[in-house]
Amino acid sequence: MTWLVWRVSPFITSIFFILGVFTLFEVLVDWIKVKLHSKDINIKDHTVESVVGIIYMLIFSFGLQYSVLGQSYSWEFMNFQLIAIVFCAYFLNIRIPYYFLLPIVLLFMIYNSSVGYWESWCHAITLIIFYVTMNKGYLWSQKLKSPLFFYLGTGTFFGALLWYFMKLKFDFSWTTYVQELSYLVIFELLLYSYVRMLFRDDRLKARLAEVASHDALTKALNYSAYETEIKYLFKNSKDNNLSFSMVMFDIDHFKRVNDTYGHLAGDRVLQHTVDVVQTVLNANDSSVKLYRTGGEEFNVLFPNYDLEGTQAIVEEIFTALNHLKVETDKKEIEISVSMGVSQISNKDVTPNDFYKRVDNNLYYSKKHGRMQITTI
């Protein structure tokens, strides 16, 4: 139809169709991720991509086949379906055991009224082997200097087999066979370039997001990230009557460290402090986050924790940091910290009300001898 009506080659139309299908998939997945994150539903991005990818590509493959059911040219959309399989197996790396693929291909054969053809059974078995090979070979191929060789070689080899079975079943010419196989190779190359571009863009966005939310020196989350998170946690705790606690601490006499040993030594002290605290948090609860909110000032947010619940982790951090010896070029520096701890109160109207109370507790610790924890 595209050639007769628009004077556009079906091959050119196919390219834009394929790119449009995968662009729509990316938009859909991004929209679902945003929705899940906004509702604080903790599902890994890869899980979202896998589930949506399977459903999306099954609808895509079965939907295309519907328009040619029972026709002598029902092989017409096979390249599109193979590209969908490549996308799921290789680029999304959706791990499906072969015995789960069997009922899917059997259902497709029933749907396509091809169960009674031995060529269709050979095609189905080859398709499953193709998926598993692409899927398992993905990680291995990434270690190669050019994963394109594995990707294109595997796709071309299995594509040639699959199209050969279609040729036997429908008895079309060798010219058509070579043409369709050539189209498949071109589509695979386009898909490879397109997805690599998308993934590169995703990695860039992830890197920019990390830079924007993390302190350049210590790699702890920064004040901007703290401000965003405390607003969300404060509102969520108020709306749902949840516990929420916070710890604020700073390094005692830190200015003296800079003045005595230099700013490079001070930087090393800050880095080592973050490393120690992060190690404690990782060993206890990954939902508890550390933020560098000032020069030597740090905050730790405890979602769903009351004061009693924070006690063990706070004391572990306090013990780990006090009398901690930090090696520098000039000398071994021993540090101590002061802490303030509190939990959200019914009197808190804004996050700043909560922050001020924790800050006052820290100030009390510093004013009354330092190297202590104040909890009110």
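Just so you know, full-length UniProt numbering puts 22 at position 22 of the sequence shown, and the rest follows in order with no gaps.
C-beta atoms are modelled at their ideal positions from N, C-alpha and C, and glycine is treated no differently.
### Message
Which residue marks the beginning of the alpha helix (DSSP H) containing G309, and which one marks its end?
### Response
Taking the sequence shown and counting its residues from 1, the one referred to as residue 309 is at position 309. Start and end: 307–321.
### Message
On the criterion of 16 or more Cβ atoms from any shown chain inside 10 Å, does W163 qualify as buried, or is it exposed?
### Response
As a first step, residue 163 is located in the sequence shown; it is residue number 163 there, counting from the start. By the neighbour-count rule (16 or more Cβ atoms within 10 Å), W163 is buried.
### Query
Hey, Y151 and Y192: beta-carbon distance below 8 Å or not?
Along the sequence shown, read from residue 1 onward, the residue named residue 151 stands at position 151. Along the sequence shown, read from residue 1 onward, the residue named residue 192 stands at position 192. For Y151 and Y192, yes; Cβs fall inside 8 Å.
### Task
Return the CA-CA distance between I15 and A312, expressed in angstroms with no decimal places.
Within the sequence shown, numbered from 1, the residue matching residue 15 stands at position 15. Within the sequence shown, numbered from 1, the residue matching residue 312 stands at position 312. Distance between the alpha carbons of I15 and A312 is about 59 Å.
#### Entry: Uninterrupted alpha helix (DSSP H) stretches inside the stretch 56–130 (no shorter than 4 residues)
78–86, 98–111
### Task
Please report how far the alpha carbon of V257 lies from the alpha carbon of V277, in whole angstroms.
Numbered from its first residue, the sequence shown carries residue 257 at position 257. Numbered from its first residue, the sequence shown carries residue 277 at position 277. So the two alpha carbons sit approximately 20 Å from each other.
### Query
Per DSSP, N299 is paired with what?
Sequence index remark: in the sequence shown, residue 299 carries index 299 (1-based). N299 is bridged to M248, Y291.
### Task
Can you give me the Cβ contacts of V29 inside the same chain, cut-off strictly under 7 Å, excluding the 5 residues immediately before and after it?
Taking the first residue of the sequence shown as position 1, residue 29 is located at position 29. Excluding sequence neighbours, V29 sits near V48, E49, V52.
### Task
Would you identify the three-state DSSP class for R7, choosing helix, strand or coil?
The residue labelled residue 7 in the question sits at position 7 within the sequence shown. Unreliable placement is indicated for R7, whose pLDDT of 42 sits below 50; the coordinate value is still reported in the next sentence. Three-state DSSP puts R7 in coil, outside helix and strand.
### Contacting residues, own chain, Cβ-Cβ under 7 Å from S306 (five flanking each side not counted)
For the purposes of this step, residue 306 is taken as residue 306 along the sequence shown, with counting starting at 1. The residue you asked about is not Ser; residue 306 is Asp in the sequence shown. These residues qualify, in order along the chain: S243, S245, Q343.
### Query
Roughly how many angstroms separate the alpha carbons of N304 and Y56, rounded to a whole number?
Working through the sequence shown from its first residue, we reach residue 304 at position 304. Working through the sequence shown from its first residue, we reach residue 56 at position 56. Approximately 36 Å, taken between the alpha carbons.
### Message
Considering only their Cβ atoms, is the gap separating F157 from Y85 smaller than 8 Å?
### Response
By 1-based counting over the sequence shown, the position of residue 85 is 85. By 1-based counting over the sequence shown, the position of residue 157 is 157. The sequence shown places Ile at residue 85, rather than the Tyr named in the question. Their beta carbons are not under 8 Å apart, which means I85 does not touch F157 by this criterion.
### Query
Mind checking whether I83 and I18 have CB atoms under 8 Å apart?
Taking the first residue of the sequence shown as position 1, residue 83 is located at position 83. Taking the first residue of the sequence shown as position 1, residue 18 is located at position 18. For I83 and I18, yes; Cβs fall inside 8 Å.
### Task
Buried or exposed for D215, please, with buried defined as at least 16 other CB atoms from any protein chain shown within 10 angstroms of its CB.
Within the sequence shown, the letter at position 215 stands for residue 215. It is buried - the Cβ of D215 has at least 16 other Cβ atoms within 10 Å.
### Task
On a CA-only basis, which of M109, L36, G294, I54 is nearest N93? Give me that one, please.
For the purposes of this step, residue 93 is taken as the residue at position 93 of the sequence shown. Closest by alpha carbon: I54.
### Task
Can you tell me the Cβ-Cβ gap for F254 and E296, rounded? I've got them flagged as a contact below 8 Å.
The residue you call residue 254 lines up with position 254 of the sequence shown. The residue you call residue 296 lines up with position 296 of the sequence shown. About 4 Å separates the two Cβ atoms, so the contact holds.
### Message
Output needed for N322: all residues of its chain with C-beta closer than 7 Å, excluding positions within five of it in sequence on either side, in chain order.
### Response
As a first step, residue 322 is located in the sequence shown; it is residue number 322 there, counting from the start. Excluding positions up to five away in sequence, the list reads S336, V337, M371.
### Nearest candidate by alpha-carbon position, reference D275, set G294, Q142, A220, L301
Position 275 of the sequence shown, counted from the start, is the residue given in the question as residue 275. Ranking G294, Q142, A220, L301 by Cα distance to D275 puts A220 first.
### Message
I need the DSSP call for S53, collapsed to helix, strand or coil.
### Response
Within the sequence shown, residue 53 is the residue found at index 53, counting from 1. One point to set straight first is that residue 53 is Gly, not Ser, in the sequence displayed. Here G53 sits in helix by DSSP.
### Message
Mapping the DSSP letters down to three states, classify V326 as helix, strand or coil.
### Response
As a working note, residue 326 is residue 326 in the sequence shown. In the structure shown, V326 sits in a strand (DSSP, three-state: E or B).
### Query
What are the partner residues of I373, as DSSP defines its beta bridges?
On the sequence shown, position 373 is the one that residue 373 refers to. DSSP, once it has assigned bridges, lists M339 as partnering I373.
### Run of the alpha helix (DSSP H) containing D359, from where it starts to where it stops
Looking up residue 359 in the sequence shown gives position 359. Run containing D359: 351–367, per the alpha helix (DSSP H) assignment.
### Query
Start and end of the alpha helix (DSSP H) containing T279?
By 1-based counting over the sequence shown, the position of residue 279 is 279. Run containing T279: 263–284, per the alpha helix (DSSP H) assignment.
#### Entry: Beta-carbon spacing of N79, F149 below 8 Å
Reading the sequence shown from its first residue, position 79 is the one you call residue 79. Reading the sequence shown from its first residue, position 149 is the one you call residue 149. For N79 and F149, no; Cβs fall outside 8 Å.
#### Entry: Minimum C-alpha distance to H272 - residue among S74, V132, T328, K145
Taking the first residue of the sequence shown as 1, we reach residue 272 at position 272. Closest by alpha carbon: T328.
### Task
With DSSP collapsed to three states, give me the class of I41.
Here the question's residue 41 lines up with position 41 in the sequence shown. The answer is coil: DSSP assigns I41 none of H, G, I, E or B.
#### Entry: With 16 other Cβ atoms within 10 Å as the buried cut-off, status of Q71
Against the sequence shown, residue 71 aligns to sequence position 71. With fewer than 16 other Cβ atoms within 10 Å, it is exposed.
### Query
How long is the line joining the alpha carbons of V68 and W75, rounded to whole angstroms?
Stepping through the sequence shown from its first residue, residue 68 is reached at position 68. Stepping through the sequence shown from its first residue, residue 75 is reached at position 75. Cα to Cα, V68 sits roughly 8 Å from W75.
### Message
I'd like the span of the alpha helix (DSSP H) that includes K169, first residue to last.
### Response
In the sequence shown, residue 169 corresponds to position 169, counting from 1. Residues 147–170.
#### Entry: Cα-Cα separation, G369 to V341
In the sequence shown, counting from the first residue as 1, residue 369 sits at position 369. In the sequence shown, counting from the first residue as 1, residue 341 sits at position 341. Between G369 and V341, the C-alpha separation is close to 17 Å.
### Query
In three-state terms, what does DSSP make of I15?
On the sequence shown, position 15 is the one that residue 15 refers to. Here I15 sits in helix by DSSP.
### Query
Ordered along the chain, which non-local residues of its own chain (more than five positions away) have a Cβ less than 6 Å from that of S114?
The sequence position of residue 114 within the sequence shown is 114, counting from 1. S120.
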